[in-house]
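Comments concern the structure below.
In the working numbering, the protein residues as written are 1 to 135.
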């Protein structure tokens, strides 16, 4: 299972996505917490946008869709999975959600500062019981 097409850059001997944030932070916190698909995601293209047509010409799928990469493309995937989780367990608190994301992630055997807890697994996330949740 892959989360991207491996368009990477080499940085200090490591091969990484060139748009992904990673840690550790100044406080020695490992980052990212979780990884999610963010490369070559097809999404809606606004009918009016401020992007020059020459900048998106090779990224446009058709007049309604565009294919982009970056954290701004993976964020809605994580947000949507949390929305599904909250639909099932509407009493969850932010810490509960974070713990459930951690417990349901798939370890890709990458270094911790490249994968955090692992790859988001939406099916595992919504199928798990909210045993850690506070009602």
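Glycine included, C-beta positions come from ideal geometry on N, C-alpha and C. The structure presented is a predicted model; accordingly, all values stated were derived computationally and were not measured.
Using the rule of at least 16 other Cβ atoms within 10 Å of the residue's Cβ for burial, across every protein chain shown, is residue i buried or exposed?
i          : result
residue 97 : buried
residue 29 : exposed
residue 75 : exposed
residue 42 : exposed
residue 12 : Confidence at residue 12 is low in this model, with a pLDDT of 42, below 50, so its placement is unreliable and the value that follows should be read with caution. By the 10 Å Cβ count, residue 12 comes out exposed.
residue 78 : buried
residue 22 : buried
residue 60 : exposed
From the DSSP secondary-structure annotation, give me the bridge partner or partners of residue i.
i          : result
residue 43 : 66
residue 22 : Partner(s): none; residue 22 has no beta bridge.
residue 35 : 119
residue 60 : 66
From residue i to residue j, what distance separates their C-alpha atoms?
i           : j           : result
residue 124 : residue 87  : 15 Å
residue 83  : residue 26  : 31 Å
residue 35  : residue 72  : 12 Å
residue 112 : residue 68  : 26 Å
residue 116 : residue 37  : 14 Å
residue 81  : residue 101 : 9 Å
residue 32  : residue 63  : 34 Å
residue 44  : residue 121 : 23 Å
residue 119 : residue 107 : 6 Å
residue 89  : residue 70  : 29 Å
residue 24  : residue 114 : 10 Å
On the premise that residue j lies in contact with residue i, defined as a C-beta separation below 8 Å, what is that separation, rounded to the nearest angstrom?
i           : j           : result
residue 128 : residue 103 : 7 Å
residue 126 : residue 99  : About 15 Å separates the two Cβ atoms, so there is no contact after all.
So with Cβ pairs under 7 Å, would you call residue i a contact of chain C?
i          : result
residue 62 : Absent from the structure: chain C. Only one protein chain is present.
Can you check the segment 88–118 for any alpha helix (DSSP H) of at least 4 residues that lies completely inside it and give the ranges in chain order? If only uninterrupted alpha helix (DSSP H) runs of at least 4 residues are considered, those enclosed by the segment 88–118 are 94–104, 112–115.
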